[in-house]
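>
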DNA sequence: TTTAAATACTACTAAAAGGTAGAATTAAAA
DNA sequence: TTTTAATTCTACCTTTTAGTAGTATTTAAA
Ligand code: SF4
Ligand code: SF4
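Chains as they are written, first to last, in my numbering: chain A, 98 to 233; chain B, 98 to 233.
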């Protein structure tokens with residue numbers, strides 16, 4: 098019941114850049130301030146660049162910057178990119194074939210939190226991380 | 098954002114047995130009705146036996162049965178057993194060092210669904226699966 | 001024009017989760 | 001007492017996720 102590491106890292110990276118949106122950030126800086134292994138970070142950065150969250154500048158004095166305004170990148174966008182989302186139809190037990198007449202003891206209780214989580218991911222953008230300055 | 102397969106299977110197995118609590122169930126039957134690979138199922142059954150959810154009878158005419166009343170086994174118990182729980186302190190981004198004065202855009206929104214999920218797992222017992230007869 | 005400092009690419013290794021194979025053990029039925 | 005049908009044990013294989021290594025490419029500064 099958790100996000101995968103790549104998603105977590107990606108959100109932290111993007112949030113940090115959103116919070117310091119004027120400069121260009123290079124991999125060394127990001128790796129050190131966010132405490133993410135350098136090689137793993139560059140791999141994620143390349144994925145974020147390819148999937149158009151980030152614009153990268155190569156060569157000396159290069160680095161990374163956001164590709165669009167902070168309020169146009171939702172957490173859901175990021176999670177989708179790393180196949181780490183919760184669908185409305187998702188069944189906790191991985192069955193999903195039951196209907197109203199025969200459901201397990203979790204079915205109804207799962208509806209509400211699932212909706213809240215979905216809404217949370219859809220309605221939160223990088224803009225909501227601005228000024229937050231949460232640790233690491 | 099999902100349970101691991103072993104947990105899911107374990108819950109399905111225990112629920113099924115709870116629903117048919119008079120008989121002894123053997124691995125072949127469980128594997129076939131619940132559509133869980135036989136060898137994987139027996140592995141899980143042995144774990145469930147060792148962790149005292151299940152009492153097994155070995156030898157010919159052997160099988161499995163619940164070790165205690167259906168209302169004394171919560172879903173949380175099962176998840177704990179397979180290291181698949183959500184703790185109240187758990188942070189979505191795996192940081193968890195932030196406090197009230199500096200929190201990210203998800204922190205407050207995560208509180209409510211997390212509580213609901215925890216409550217759901219703690220308050221649901223195998224008894225709540227009785228008579229449900231959900232598919233597979 | 002060379003060098004330094006950055007990203008990108010290719011390919012691999014490590015750990016965890018998911019799953020399988022085969023033999024050993026147990027105990028009732030034949 | 002032998003056979004059969006069940007669980008258990010040990011050891012392995014496969015897939016996915018996480019992470020690392022080394023080299024190639026790019027570009028601006030020196
Ligand atoms: S009833 Fe339970 S098992 Fe069936 S789809 Fe709903 S949550 Fe899943
Ligand atoms: S503020 Fe965000 S990152 Fe920090 S502990 Fe809360 S949820 Fe986790």
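Built from N, CA and C at the ideal position, the CB exists for glycine as well.
Taking any Cβ of chain A, which residues in the region 180–208 of chain B have a Cβ under 8 angstroms from it, in chain order?
Within the region 180–208 of chain B, the residues whose Cβ lies closer than 8 angstroms to some Cβ of chain A are 181, 182, 183, 187, 189, 190, 191, 192, 194, 195, 199, 200, 201, 202, 203, 204, 206, 207, listed in chain order.
> Under a CB-based cut-off of 9 angstroms, is residue 226 (chain A) close to chain B?
Cβ-Cβ to chain B under 9 angstroms: yes for residue 226 (chain A).
> Identify the contact partners of residue 108 (chain B) in chain A, using a Cβ-Cβ distance below 9 angstroms as the criterion.
Under the 9 angstroms cutoff, chain A gives 189, 190, 201, 203.
> Note down the Cα distance separating residue 124 (chain B) from residue 169 (chain B), rounded to an integer number of angstroms.
So the two alpha carbons sit approximately 23 angstroms from each other.
> Would you verify that the beta carbon of residue 163 (chain A) is, or is not, closer than 9 angstroms to some beta carbon of chain B?
No, no contact with chain B.
> Tell me the DSSP secondary structure of residue 233 (chain B) in three-state form.
Coil.
> Could you tell me which residues DSSP pairs with residue 163 (chain A) in its beta bridges?
Answer by DSSP bridge pairing, in chain order: A:151.
> Any idea what DSSP makes of residue 221 (chain A), helix, strand or coil?
Looking at residue 221 (chain A) - three-state DSSP - the assignment turns out to be coil, as it is neither helix nor strand.
> Determine, using beta carbons only, whether residue 145 (chain B) comes closer than 9 angstroms to chain A.
With 9 angstroms as the cut-off, residue 145 (chain B) does not count as an interface residue toward chain A.
> How would you list, in chain order, the residues of chain B whose beta-carbon sits under 8 angstroms from the beta-carbon of residue 112 (chain A)?
Result: 201, 202.
> For the alpha helix (DSSP H) that contains residue 198 (chain B), what are its first and last residues?
Where residue 198 (chain B) is concerned, there is no enclosing alpha helix (DSSP H), given that its DSSP letter is neither H nor E.
> Use the C-beta contact count for residue 198 (chain B): other C-beta atoms within 10 angstroms, 16 or more gives buried, fewer gives exposed.
It counts as exposed.
> Let me check you understand the geometry: is the CB of residue 231 (chain B) closer than 8 angstroms to at least one non-hydrogen atom of ligand 1?
Yes - ligand 1 has a heavy atom lying nearer than 8 angstroms to the Cβ of residue 231 (chain B).
> Is the closest heavy atom of ligand 3 to the C-beta of residue 111 (chain B) under 8 angstroms?
Within the structure as shown, ligand 3 is missing, the only ligands being ligand 1 and ligand 2.
> When we look at the beta-carbon of residue 154 (chain B) and count the other beta-carbons within 10 Å, is it buried (16 or more) or exposed?
With fewer than 16 other Cβ atoms within 10 Å, it is exposed.
> Which residues, in chain order, sit with a beta-carbon under 6 angstroms away from any heavy atom of ligand 2?
After applying the 6 angstroms Cβ criterion, the set is A:231, B:188, B:189, B:190, B:192, B:193, B:195, B:200, B:201, B:203, B:204, B:207.
> Between residue 170 (chain B) and chain A, is there a C-beta pair that is closer than 9 angstroms?
Judged by the 9 angstroms Cβ criterion, residue 170 (chain B) is not in contact with chain A.
> Taking 9 angstroms as the CB-CB cut-off, is residue 105 (chain B) touching chain A?
For residue 105 (chain B), the answer is yes, since a Cβ of chain A falls inside 9 angstroms of its Cβ.
> Look at residue 162 (chain B) and residue 120 (chain B) and say whether their C-beta atoms are less than 9 angstroms apart.
Yes.
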